[in-house]
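Student: Sending over a structure as C-alpha cells; questions will come in a sec.
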Amino acid sequence: MSPAEDTMKQAVTMPADWRDFVALTKPRVMSLVVFTAICGLLAAPGSIHPIIGFTAILCIALGAGGAAAINQWYEADIDAEMKRTAKRPIPAGRMDRETARDFAVALSAGSVVVMGLGVGWLAAALLAISIFYYAVVYTMWLKPRTPQNIVVGGGAGAFPPLIGWVAVTGDITLMPILLFAIIFMWTPPHFWALALFVKTDYARVGIPMMPVVAGEVSTRRQILAYAVMLAPIALAPFFVGGAGMVYAVSSAALSALFIALAIPVGLRRAQVGDAMKPEKRLFAYSILYLFILFGALVLDRLLAQAGVIA
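Taking my numbering, I'd label the letters of the sequence shown as residues 10 to 319.
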C-alpha cells in the first residue's frame, strides 16, 4: 500500500453521503455526455417511444457515471497527490475505495443490462464497449503509458451520440459514425488546452500527458492542427446529406471561431504571466462549441420535420 493509500484509509471516519456518490460520477463531464446522447437520439431518423428514449439516456448517464467512478477508484492514490483532484471523495477521505468500486461496478453492469432489456442489445453492447474503453483501455492502460492517451482514449467520450442514434434506429450507419468522429477529433485540443495549465500536477504524479512528455511547443502545435482538422469533419454531416443548412452554417461559424482561438495558443512559445488566458479561453469555448454544434444538429432536424426547411 502506498503512503497516499494508507493516508486515505486512515482518513475515512464516517460513511459517505449522497453527494459523494454523485461526485464519483463526475456530473459536469456527464452533462456533456448526456447532452450529446440526447442529440444523437433526437437527430436520428425514425421515432422512439418516450419511455424507451428516457431509458436509453438514463442508461447512458449511469454507464458514464459508472466508468467515471471506476476511474476515481483506480486513480485514488494519484488523485490524492494532484491539486485539481485532491478533494474528490476517496482522496479526501470521505469514502473508502471498496465502496467506490462496488458502486462503480453496480452502475456499469446495471446500465448495460437495463439498456439491453429495455432498449436493444446493440445499444447495450456499444454502452459496454464505451465503459470498458474509458475504465480499462484509457484509465488503466493508455493514460499511465503514453502521451497519445487522449488521442486514442478520446473514443470513450465519443460513444454517447452513437448509442443514442442506435437506440432509435437499431443499426449503425455513416451519420452516427461521423458524430463519433467529431467528438473523437474534438477531444485532443479540448483536453490539451486544459493540460497546458495543469501540467505540473501531471508531472508530479508521473502521468505522461502531452505537455509533460513532448513539451509545450509541440502540444500547442498539435492543438492548432487538431482544431483545423476538426472543421471539415464537423461539416461532414452536411456534405453526406445527414444535416441541412442550419447545421452547416452553425458548424462553419463555430469551427472558424475554434480555429481563431486555437491560433494564439498554437503560436505561443512560452507562458507570459497572464495565467495562460488563451489556453483557458480555448478550453472554455471548446465545451460551448460541442453543446452548440450538437444543438444545431437537433434544431436542423426538428425544422426539417416541421417543414420549415427542406
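Just so it is clear, CB atoms sit at the ideal spot from N, CA and C, and this is done for glycine as well.
Keep in mind that this is a model prediction, so the values were computed, not measured.
Tell me the rounded alpha-carbon separation between Thr22 and Leu126.
Tutor: Any reading at Thr22 must be qualified, since the residue scores a pLDDT of 48, below 50, and its modelled position is unreliable; the value itself is stated next. About 39 Å.
Student: Would you kindly check if the distance between the Cβ of Pro217 and the Cβ of Thr155 is under 8 Å?
Tutor: Against a cut-off of 8 Å, the Cβ pair of Pro217 and Thr155 comes out as a contact.
Student: Please return the same chain residues whose Cβ sits closer than 6 Å to the Cβ of Ala65, not counting the five positions on each side in sequence.
Tutor: Excluding residues within five positions, the ones whose Cβ falls inside 6 Å are Val128 and Ala176.
Student: Between Thr178 and Gly55, is the Cβ-Cβ spacing less than 8 Å?
Tutor: Yes.
Student: Taking 8 Å as the threshold (C-beta atoms), are Leu188 and Leu171 in contact?
Tutor: Yes, they are a contact pair.
Student: Ordered along the chain, which non-local residues of its own chain (more than five positions away) have a Cβ less than 7 Å from that of Tyr235?
Tutor: Excluding positions up to five away in sequence, the list reads Met194, Pro197 and Pro198.
Student: How about Leu136 and Cys68: are their beta carbons less than 8 Å apart?
Tutor: Taking 8 Å as the Cβ cut-off, Leu136 and Cys68 qualify as a contacting pair.
Student: Rounding to the nearest angstrom, what Cα-Cα distance links Val31 and Ile61 in this structure?
Tutor: Rounded to the nearest angstrom, the two C-alpha atoms are 24 Å apart.
Student: For Thr108 versus Leu299, is the C-beta distance shorter than 8 Å?
Tutor: Cβ distance not < 8 Å, so Thr108 and Leu299 don't count as in contact.
Student: Which residues mark the beginning and the end of the alpha helix (DSSP H) in which Val145 is found?
Tutor: Neither: Val145 is in no alpha helix (DSSP H) and is coded neither H nor E.
Student: Grouping DSSP H, G and I as helix and E and B as strand, with all else coil, what is Thr16?
Tutor: The predicted position of Thr16 is uncertain, since its pLDDT is 49 and thus under 50; no value can be drawn from it.
Student: Can you tell me whether Ser227 is helix, strand or coil according to DSSP?
Tutor: Reduced to three states, the DSSP call for Ser227 is helix.
Student: Residues in the same chain with beta-carbon distance under 7 Å from Asp29, minus the five sequence neighbours each way, listed in chain order, please.
Tutor: Only Pro98, Arg103 and Met104 meet the Cβ criterion.
Student: Which term fits Val122, buried or exposed, when burial requires 16 or more other beta carbons within 10 angstroms of its beta carbon?
Tutor: Flag for Val122 reads exposed.
Student: Using three-state DSSP, classify Ile186 as helix, strand or coil.
Tutor: Ile186 falls in the helix class under three-state DSSP.
Student: Use the C-beta contact count for Pro241: other C-beta atoms within 10 angstroms, 16 or more gives buried, fewer gives exposed.
Tutor: Pro241 comes out exposed.
Student: Alpha carbon to alpha carbon, how far is Leu244 from Ala261? Give it in angstroms, no decimals.
Tutor: C-alpha separation (whole angstroms): 7 Å.
Student: Quick check: Gly75 and Ala113, are their CB atoms within less than 8 Å of each other?
Tutor: In contact: Gly75 and Ala113 (Cβ atoms closer than 8 Å).
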